[in-house]
Amino acid sequence: MAHIGVIHWLEENGYEIKSISGCSMGALIGGIYAAGKMDIYERWVLSISRLEIIALLDLSWGKSGLVKGDKIINTLVDLVGDQKIEDLPVNFTAVAADIKAEKEVWINSGRLFDAIRASISLPLFFTPFDYNGTLLIDGGVLNPVPIAPTFGDNTDLTIAVNLGGPSIEIDDQAGIQKNPPVQDSLIKQNINRFIKRLQHTVKSADRKDWGAYDVAIQAFEAMQSTIARQKLAAYPPDLTIEIARNSCKTLEFDRAEEMIELGYTKAKQAGLT
1 MAHIGVIHWL
11 EENGYEIKSI
21 SGCSMGALIG
31 GIYAAGKMDI
41 YERWVLSISR
51 LEIIALLDLS
61 WGKSGLVKGD
71 KIINTLVDLV
81 GDQKIEDLPV
91 NFTAVAADIK
101 AEKEVWINSG
111 RLFDAIRASI
121 SLPLFFTPFD
131 YNGTLLIDGG
141 VLNPVPIAPT
151 FGDNTDLTIA
161 VNLGGPSIEI
171 DDQAGIQKNP
181 PVQDSLIKQN
191 INRFIKRLQH
201 TVKSADRKDW
211 GAYDVAIQAF
221 EAMQSTIARQ
231 KLAAYPPDLT
241 IEIARNSCKT
251 LEFDRAEEMI
261 ELGYTKAKQA
271 GLT
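See the structure below:
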């Protein structure tokens with residue numbers, strides 16, 4: 001969601017986005033923006049509740065991931081339309097990972113939401129996506145900040161948004177203020193508490209009693225952060241906007257407004273003129 005705030009600041013300050021490369025949520029936000037449907041998606045994500053998010057998670061009973069992702073993708077197709085990448089007004093590349101061949105896969109043609117679904121296949125959470133006979137997973141496994149696909153495009157400035165920035169104290173998030181909680185019915189409050197227990201494994205005071213999923217996510221984020229630093233050093237952009245990796249958790253889409261504001265603030269602080 002922070003990507004949306006960055007995009008708002010760029011547009012408000014006269015920048016024209018001509019080329020986008022992204023993986024995972026960067027591919028999702030970038031693809032929807034390239035399709036010219038960011039306003040529709042933003043209105044939707046700002047209105048969706050935690051209960052509705054959970055309802056979109058179609059559980060997989062296989063061993064390759066918790067969620068199949070069909071409901072989410074079909075919902076987005078209904079919002080945005082079933083578009084082809086080569087028909088988009090903005091150059092777009094989604095980056096996924098072929099884990100068997102141990103290589104990045106750059107998807108810049110074909111169905112937009114096939115490319116997005118492949119790129120967002122977070123290990124353990126989403127099942128891998130069968131893309132033309134190859135099983136693909138989240139591109140962040142191999143390249144969390146994929147800049148190289150934009151090198152051949154005729155642009156003046158390359159900006160990287162790194163969601164794997166150093167962790168911060170949550171209260172220090174650039175002055176972002178949380179919205180006051182909405183008064184829910186007692187039943188809804190109880191349901192929300194139940195969902196929260198599902199999302200977050202109960203931890204002991206010294207945080208040693210982590211569930212397996214918590215450990216996997218922490219390990220994945222640490223890995224991504226390290227790889228991101230290496231990729232940014234190898235393919236330096238003109239500017240990097242850092243978003244702390246603990247700013248938001250995986251399923252906290254109900255914090256969209258706060259994260260959009262955070263992205264806007266970080267873009268404003270980045271020193272662009």
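Residue numbers (the numbering used here): 1 to 273.
Ideal Cβ positions, reconstructed from N, Cα and C, are used throughout, including at glycine.
Practice item. Grab me the residues of Ile-107's own chain with a C-beta within less than 8 Å of its C-beta, minus the 5 sequence neighbours each way, in chain order. Key: Same-chain partners within the cutoff: Ile-85, Thr-93, Ala-94, Val-95, Ala-96, Asp-114, Ala-115, Ala-118, Ser-119 and Tyr-131.
Cβ contact (3+ pairs, closer than 8 Å) linking the stretch 40-59 and the stretch 141-158:
no
Handout entry: Any alpha helix (DSSP H) of 4 or more consecutive residues that is wholly inside the stretch 60-90
Key = 70-80
- prompt: Within this structure, are the beta carbons of Gly-140 and Val-105 separated by less than 9 Å?
  reply: no
Sort out for me which residues DSSP pairs Tyr-131 with in a bridge.
Thr-134
Note to self: Out of Leu-272, Gly-263 and Thr-273, which one is the CA nearest neighbour of Ile-4?
What the structure shows: The option with the nearest alpha carbon to Ile-4 is Gly-263.
Pick out whichever of Ala-34, Glu-42 and Ile-7 has its Cα sitting closest to the Cα of Ser-19. Ala-34
Quick check: the Cα distance between Asp-206 and Leu-66, rounded to an integer number of angstroms?
Only weak support is given to the placement of Asp-206: the predicted model assigns it a pLDDT of 38, under 50, and the value that follows is read from those uncertain coordinates. Cα-Cα distance, rounded: 28 Å.
Could you compute how far the alpha carbon of Arg-255 sits from the alpha carbon of Glu-261? 10 Å
### Query
Sorted by chain position, which residues of the same chain lie with C-beta nearer than 8 Å to Val-77's C-beta, five sequence neighbours on each side aside?
Phe-113
- prompt: In its own chain, which residues sit with a C-beta less than 7 Å from the C-beta of Ala-267, not counting the 5 before and 5 after it?
  reply: Gly-5, Val-6, Trp-9, Leu-10 and Ile-241
| said: Please report the straight-line C-alpha distance between Leu-239 and Asn-91, rounded to a whole angstrom. | reply: The alpha-carbon of Leu-239 is positioned some 20 Å away from that of Asn-91.
- Message: Here's a check: name, in chain order, each residue in its chain whose Cβ is nearer than 6 Å to the Cβ of Ile-40, leaving out the five neighbours to either side.
- Response: Leu-79
**Study point:** Whole-angstrom distance between Leu-122 and Ala-216, CA atom to CA atom
**Key:** 11 Å
ask   = Are the Cβ atoms of Lys-103 and Leu-135 separated by less than 9 Å?
value = no
Leaving out five residues on either side along the sequence, give the residues of the same chain with a beta carbon under 6 Å from the beta carbon of Leu-163. Ile-243
- request: Please classify Thr-240: does DSSP put it in a helix, a strand, or coil?
  value: strand
### Task
Along the beta strand (DSSP E) that carries Ser-21, what are the first and last residues, could you check?
19-22
By the three-class DSSP mapping on this structure, what secondary structure does Phe-151 have? Here Phe-151 sits in coil by DSSP.
Between the Cα of Tyr-15 and the Cα atoms of Thr-158, Ala-233, Asp-98 and Asp-153, which residue gives the shortest distance?
Thr-158
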